[in-house]
Amino acid sequence: MADSYFVDPAELAWQDETPFSETYQDIYWSSHADSPLSEKQAVFVDPVQTMARQCKPGSTITVCELGFGFGINCLLTADMWRDLSPDCRLNFISIEKHPVRKQDLAQLLSKFEFSSQESLLAQYPPHYRGQHVIWLSNNVRLLLIFDDIDDALGNLDAEVDLWFMDGFAPSKNQAMWQPAIYRKMFSRSRHGAEVAT
(Lines of atoms letter the chains of each structure in order from A and count residues from 1; the text may use other names and numbers.)
(Lines give C-alpha, C1' and ligand atoms only; values in the text may rest on other atoms or scores of the structure.)
Protein backbone atom coordinates (compact mmCIF):
# COMPACT_ATOMS: atom_id res chain seq x y z
CA MET A 1 0.00 0.00 0.00
CA ALA A 2 1.33 3.44 -0.92
CA ASP A 3 2.20 5.91 1.82
CA SER A 4 -0.83 8.17 2.31
CA TYR A 5 1.44 11.22 2.42
CA PHE A 6 2.39 10.63 -1.20
CA VAL A 7 0.35 10.44 -4.38
CA ASP A 8 1.18 7.91 -7.08
CA PRO A 9 3.13 9.46 -9.95
CA ALA A 10 1.98 9.34 -13.55
CA GLU A 11 3.01 6.16 -15.33
CA LEU A 12 4.10 7.22 -18.79
CA ALA A 13 5.03 5.68 -22.08
CA TRP A 14 6.80 7.86 -24.63
CA GLN A 15 5.57 7.47 -28.20
CA ASP A 16 7.65 9.45 -30.70
CA GLU A 17 8.67 11.84 -27.91
CA THR A 18 5.00 12.33 -26.96
CA PRO A 19 3.86 11.23 -23.48
CA PHE A 20 1.01 8.72 -23.10
CA SER A 21 -0.66 7.91 -19.77
CA GLU A 22 -0.43 4.21 -18.96
CA THR A 23 -2.75 4.78 -15.99
CA TYR A 24 -5.60 6.23 -18.06
CA GLN A 25 -4.65 4.79 -21.44
CA ASP A 26 -5.00 8.23 -22.95
CA ILE A 27 -2.95 11.00 -24.53
CA TYR A 28 -1.98 14.27 -22.86
CA TRP A 29 -2.94 16.23 -25.97
CA SER A 30 -4.29 15.54 -29.41
CA SER A 31 -1.92 13.79 -31.77
CA HIS A 32 -3.62 15.73 -34.59
CA ALA A 33 -2.44 19.11 -33.31
CA ASP A 34 0.65 20.68 -34.90
CA SER A 35 2.00 20.87 -31.37
CA PRO A 36 0.53 20.80 -27.88
CA LEU A 37 0.95 24.57 -27.83
CA SER A 38 -1.43 25.38 -30.68
CA GLU A 39 -4.21 23.20 -29.30
CA LYS A 40 -3.87 24.45 -25.74
CA GLN A 41 -3.49 28.08 -26.79
CA ALA A 42 -6.79 27.99 -28.68
CA VAL A 43 -8.81 26.04 -26.12
CA PHE A 44 -7.51 27.36 -22.81
CA VAL A 45 -5.26 30.41 -23.05
CA ASP A 46 -7.22 32.53 -25.53
CA PRO A 47 -10.23 32.81 -23.14
CA VAL A 48 -7.92 34.21 -20.43
CA GLN A 49 -6.66 36.98 -22.72
CA THR A 50 -9.92 38.93 -22.48
CA MET A 51 -9.77 38.76 -18.69
CA ALA A 52 -6.13 39.88 -18.75
CA ARG A 53 -6.95 42.90 -20.90
CA GLN A 54 -9.88 43.90 -18.68
CA CYS A 55 -8.08 43.31 -15.38
CA LYS A 56 -7.88 46.43 -13.22
CA PRO A 57 -4.46 47.24 -11.74
CA GLY A 58 -4.00 45.64 -8.33
CA SER A 59 -6.72 43.04 -8.81
CA THR A 60 -6.43 39.25 -9.06
CA ILE A 61 -7.85 36.77 -11.58
CA THR A 62 -8.13 33.13 -10.49
CA VAL A 63 -7.93 30.22 -12.92
CA CYS A 64 -8.41 26.65 -11.68
CA GLU A 65 -7.27 23.77 -13.85
CA LEU A 66 -8.36 20.18 -13.37
CA GLY A 67 -5.38 18.19 -14.64
CA PHE A 68 -1.91 19.83 -14.47
CA GLY A 69 -0.15 17.21 -16.58
CA PHE A 70 3.09 18.75 -17.85
CA GLY A 71 2.06 22.31 -16.98
CA ILE A 72 1.73 23.47 -20.59
CA ASN A 73 -1.53 25.38 -19.95
CA CYS A 74 -0.04 27.01 -16.88
CA LEU A 75 3.19 28.07 -18.59
CA LEU A 76 1.40 29.36 -21.70
CA THR A 77 -1.01 31.34 -19.52
CA ALA A 78 1.81 32.73 -17.38
CA ASP A 79 3.70 33.93 -20.46
CA MET A 80 0.59 35.60 -21.87
CA TRP A 81 -0.21 37.18 -18.50
CA ARG A 82 3.26 38.64 -18.12
CA ASP A 83 2.96 40.37 -21.49
CA LEU A 84 -0.64 41.60 -21.25
CA SER A 85 -1.33 42.29 -17.60
CA PRO A 86 1.79 43.14 -15.58
CA ASP A 87 -0.18 45.20 -13.02
CA CYS A 88 -2.61 42.40 -12.11
CA ARG A 89 -2.00 39.13 -10.31
CA LEU A 90 -2.80 35.73 -11.79
CA ASN A 91 -3.68 33.08 -9.24
CA PHE A 92 -3.36 29.80 -11.16
CA ILE A 93 -4.59 26.73 -9.28
CA SER A 94 -4.01 23.28 -10.74
CA ILE A 95 -5.13 19.92 -9.37
CA GLU A 96 -3.31 16.71 -10.32
CA LYS A 97 -3.94 13.22 -8.95
CA HIS A 98 -0.93 11.62 -10.67
CA PRO A 99 1.88 14.18 -11.06
CA VAL A 100 4.56 13.54 -13.62
CA ARG A 101 8.05 12.83 -12.34
CA LYS A 102 10.43 15.77 -12.40
CA GLN A 103 12.73 14.09 -14.92
CA ASP A 104 9.78 13.53 -17.29
CA LEU A 105 8.72 17.14 -16.85
CA ALA A 106 12.25 18.33 -17.62
CA GLN A 107 12.45 16.03 -20.66
CA LEU A 108 9.30 17.46 -22.19
CA LEU A 109 9.95 21.10 -21.30
CA SER A 110 13.42 20.93 -22.86
CA LYS A 111 11.62 21.13 -26.22
CA PHE A 112 10.05 24.51 -25.37
CA GLU A 113 11.09 28.00 -24.30
CA PHE A 114 8.55 29.24 -21.76
CA SER A 115 9.59 32.22 -19.67
CA SER A 116 8.68 30.44 -16.43
CA GLN A 117 9.74 26.86 -17.09
CA GLU A 118 13.01 27.14 -15.14
CA SER A 119 11.10 28.56 -12.17
CA LEU A 120 8.65 25.67 -12.35
CA LEU A 121 11.39 23.05 -12.56
CA ALA A 122 13.39 24.63 -9.74
CA GLN A 123 10.37 24.66 -7.41
CA TYR A 124 8.57 21.51 -8.60
CA PRO A 125 7.69 19.67 -5.39
CA PRO A 126 8.05 16.04 -4.36
CA HIS A 127 4.81 14.11 -4.76
CA TYR A 128 3.49 14.92 -1.30
CA ARG A 129 -0.29 15.00 -1.08
CA GLY A 130 -1.55 18.56 -0.58
CA GLN A 131 -1.03 22.13 -1.71
CA HIS A 132 2.27 23.54 -3.00
CA VAL A 133 2.83 27.24 -3.75
CA ILE A 134 5.15 28.12 -6.65
CA TRP A 135 5.82 31.71 -7.69
CA LEU A 136 6.46 31.70 -11.43
CA SER A 137 6.98 35.47 -11.50
CA ASN A 138 6.17 38.51 -9.37
CA ASN A 139 2.54 38.49 -10.47
CA VAL A 140 1.90 34.80 -11.29
CA ARG A 141 1.31 32.39 -8.42
CA LEU A 142 0.78 28.69 -9.03
CA LEU A 143 -1.03 26.69 -6.35
CA LEU A 144 -0.26 23.12 -7.37
CA ILE A 145 -2.43 20.55 -5.59
CA PHE A 146 -1.47 16.89 -5.64
CA ASP A 147 -4.60 15.01 -4.62
CA ASP A 148 -7.78 13.32 -5.75
CA ILE A 149 -10.07 15.82 -7.48
CA ASP A 150 -12.92 15.36 -4.98
CA ASP A 151 -10.70 15.92 -1.94
CA ALA A 152 -8.75 18.74 -3.57
CA LEU A 153 -11.89 20.71 -4.42
CA GLY A 154 -13.36 19.95 -1.01
CA ASN A 155 -10.33 21.58 0.65
CA LEU A 156 -10.06 24.48 -1.79
CA ASP A 157 -10.86 28.00 -0.60
CA ALA A 158 -11.09 30.06 -3.77
CA GLU A 159 -13.36 32.14 -5.97
CA VAL A 160 -12.58 30.98 -9.48
CA ASP A 161 -13.05 33.18 -12.56
CA LEU A 162 -12.20 30.55 -15.18
CA TRP A 163 -12.03 26.75 -15.02
CA PHE A 164 -9.78 24.66 -17.26
CA MET A 165 -11.17 21.14 -17.49
CA ASP A 166 -8.17 19.44 -19.05
CA GLY A 167 -8.24 15.96 -17.58
CA PHE A 168 -8.33 12.77 -19.56
CA ALA A 169 -11.45 11.88 -21.57
CA PRO A 170 -14.61 11.08 -19.55
CA SER A 171 -14.47 7.47 -20.73
CA LYS A 172 -10.93 7.17 -19.33
CA ASN A 173 -11.28 9.19 -16.11
CA GLN A 174 -14.90 9.05 -14.99
CA ALA A 175 -14.16 10.34 -11.47
CA MET A 176 -13.44 13.83 -12.81
CA TRP A 177 -16.58 14.15 -14.91
CA GLN A 178 -19.26 13.72 -12.23
CA PRO A 179 -22.16 15.92 -11.04
CA ALA A 180 -20.64 16.05 -7.53
CA ILE A 181 -17.49 17.60 -9.01
CA TYR A 182 -19.54 20.15 -10.97
CA ARG A 183 -21.37 21.15 -7.78
CA LYS A 184 -18.08 21.76 -5.98
CA MET A 185 -16.85 23.80 -8.93
CA PHE A 186 -20.03 25.88 -8.89
CA SER A 187 -19.73 26.61 -5.17
CA ARG A 188 -16.15 27.83 -5.68
CA SER A 189 -16.92 30.00 -8.70
CA ARG A 190 -17.14 33.76 -8.76
CA HIS A 191 -20.34 35.16 -10.32
CA GLY A 192 -19.97 34.99 -14.11
CA ALA A 193 -17.23 32.36 -14.05
CA GLU A 194 -16.52 30.50 -17.29
CA VAL A 195 -15.39 26.99 -18.22
CA ALA A 196 -12.95 25.99 -20.98
CA THR A 197 -12.65 22.35 -22.01
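To convert a position in the sequence shown, counted from 1, into the working numbering, add 4.
Here a beta-carbon is modelled for each residue, glycine too, at the ideal position from N, C-alpha and C.
Computed from a predicted structure; not experimentally measured.
- If you draw a straight line from the Cα of aspartate 161 to the Cα of arginine 192, it is about 7 Å long.
- Distances from the CA of leucine 166 to each of Phe10, Asn77, Glu26 were compared; the closest alpha carbon is that of Asn77.
- Proline 90 counts as exposed, since fewer than 16 other C-beta atoms from the protein chains shown sit within 10 angstroms of its C-beta.
- The three-state secondary structure of aspartate 154, taken from DSSP, is helix.
- Valine 137 places its beta carbon 9 Å or farther from that of leucine 124.
- For methionine 189 and leucine 157, the gap between their C-alpha atoms comes out near 7 Å.
- One thing to note: isoleucine 99 has its Cβ within 9 Å of the Cβ of leucine 70.
- Classified as buried, tryptophan 33 has 16 or more neighbouring CB atoms from the shown chains inside 10 Å of its CB.
- Beta-bridge pairing by DSSP links serine 98 to Glu69, Leu148.
- Within a 10 Å sphere around the beta-carbon of serine 25 sit 16 or more other beta-carbons, which makes this residue buried.
- A direct Cα-Cα distance of roughly 15 Å separates glutamate 163 from isoleucine 185.
- When secondary structure is reduced to three states using DSSP, leucine 16 falls in the strand class.
- Short of 8 Å from the beta carbon of valine 49, and not among the five residues preceding or following it, lie these beta carbons of its own chain, in chain order: Asn77, Leu80, Thr81, Met84.
- Relative to valine 144, the option among Thr66, Pro13, Lys60, Arg57 whose CA is nearest is Thr66.
- Under DSSP, leucine 166 shares a beta bridge with Val67, Glu198.
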